[in-house]
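Take a look at the structure set out below.
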Amino acid sequence: MCGRTALSLDKELIRCACSYKIRHGHGDSYVKPEWLHEHNDGKEYVPSYNIAPTDVSPVLISSSKYRTTQSDSIRIIKPMMWGIIPPWHKGDYHKHNLSTNNCRLENIRQSKLYNPILLNGGRCIIVVEGYYEWQTTIKTKVKQPYYIYASQEEHIKSKHKHVPAICSVLDDAIQDMSGVAGERGARSGTNPARFTIDEPDTFQNSYNDGDGWNGLKLLYIAGLYNTWQNDDIILYSYSIITMDSNNTLDWLHHRMPAILDTEVQIEAWLDIDNVNADMALSYLKPSKLLSWHQVSTAVNNSRYKSDDCIKRISKEKCSQKSITTWFTKTEKRKINDEEYTKSKKFK
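In this note's numbering, the protein residues as written are 1 to 347.
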């Protein structure tokens, strides 16, 4: 599943990052999608390191439904609310009482909500820097969150600044174990070591029409979107498509978002005029081009939007704090037991 995402870029940088190559008579060049500012009941995209359901995110869609656009771009970016509003819902759109943040790939064609949207050309791509997932494969009282993002090119550098956070000592122990589980855990520690993105100020982002985007590589998540109207309110909303995890992430969670790794996948998913629904669905495959690291449980609070959310936590400080907490609790239990024993003597 996917319950939180991050995107800190401003509108113009998002347009640059979503640029794509076109061919014309005098050579190839890159084009930036047009950004549409319409409707959405006053909701606007706000850069955030902790985007939650009902927040607004930039979404890529085909321009074929928007022939009035002033740009030659065949792709446009439309800010949309996370969580599709069912087209049959009336009244306050916050109260439709359905969970529509994610839609399962294997159930779309049988869904009374999603299948009509799919057949009506409601395919979209949610643009994010990364997303968060909480580990469910290890049973702990507090689930450990991870930040997952695209593996970056060499020129995307980052300082390895750590921030302390409470995490599970058991999780650290599992990561260091030998065997299959240990190997997967080890990957989570070493996979993004050179190309981490936990220091946003160090991003080297640049764009020109000849070379395109030369900056932070984003994730492009396949989704479905809908236009909902009630009285004077018109609101665009989306759901993220999820699928079974592959062996890249199944150590973390059994579900993962449908991430489009290649330009071929992106083009096919957005081409609602020439690629039919079933063919488009066949392009959705589990991504393997991912990096990840542990982050603070501060991200659990959807109102916390700081860049601390994506920063790699220090396992050493984390373990020390957890052990200290354990000894503190043990000492308290010991004191309580002694007090209880003394009180029994007076009775």
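The C-beta atom is built at its ideal place from N, Cα and C for all residues, glycine as well. Given the structure is predicted, the values throughout are model-derived calculations rather than measurements.
Cα-Cα, which of D211, I221, S237 is closest to T262? Ranking the options by Cα distance to T262, first place goes to I221.
Delimiting residues of the alpha helix (DSSP H) encompassing N102: Looking at the DSSP string, N102 is not in any alpha helix (DSSP H); the run it does join, the beta strand (DSSP E), is 102 to 104.
In the DSSP assignment, find the unbroken alpha helix (DSSP H) run with P33 in it and report its ends. For P33, no alpha helix (DSSP H) run applies, since DSSP gives it neither H nor E.
According to DSSP, simplified to helix, strand and coil, what is C124? When secondary structure is reduced to three states using DSSP, C124 falls in the strand class.
Within a Cβ cutoff of 6 Å, which residues of the same chain sit near C103, ignoring the five residues on either side of it in sequence? The residues are Y114, S239, I241.
Apart from the five residues on each side of it in sequence, which residues of its chain come closer than 8 Å, Cβ to Cβ, to A298? Cβ neighbours of A298 beyond the five flanking positions: A165, Y304, S306, D308, C309.
Would K43 and M81 be called neighbours here (beta carbons separated by less than 8 Å)? Yes, Cβ-Cβ distance for K43 and M81 is below 8 Å.
Just how far apart, CA to CA, sit D244 and E133? Their backbone Cα atoms lie some 14 Å apart in a straight line.
Confirm, please, whether the CB-CB distance from H39 to I234 is below 8 Å. Here I234 is near H39, since their CB atoms are less than 8 Å apart.
Straight-line Cα distance separating G130 from L118: Their backbone Cα atoms lie some 25 Å apart in a straight line.
Could you tell me how far apart the beta carbons of L7 and P47 are, in whole angstroms, since I believe they sit closer than 8 Å? Right, their Cβ atoms sit about 6 Å apart.
Go ahead and pull the three-state DSSP assignment for D278. For D278, the three-state secondary structure derived from DSSP is helix.
What does the alpha-carbon distance come out to for the pair K139 and H254? Straight-line Cα distance between these residues: approximately 14 Å.
Using a threshold of 8 Å, state whether the C-beta atoms of N101 and G27 are closer than that. Contact flag unset, no.
By alpha-carbon positions, which one of E106, P58, S62, K90 ends up nearest to L284? Selected option, being the one with the closest Cα: E106.
Output yes or no for whether 8 Å exceeds the beta carbon distance between L270 and I22. Contact: no.
Span of the alpha helix (DSSP H) around A17: In the DSSP assignment, A17 falls within the unbroken alpha helix (DSSP H) covering 11 to 17.
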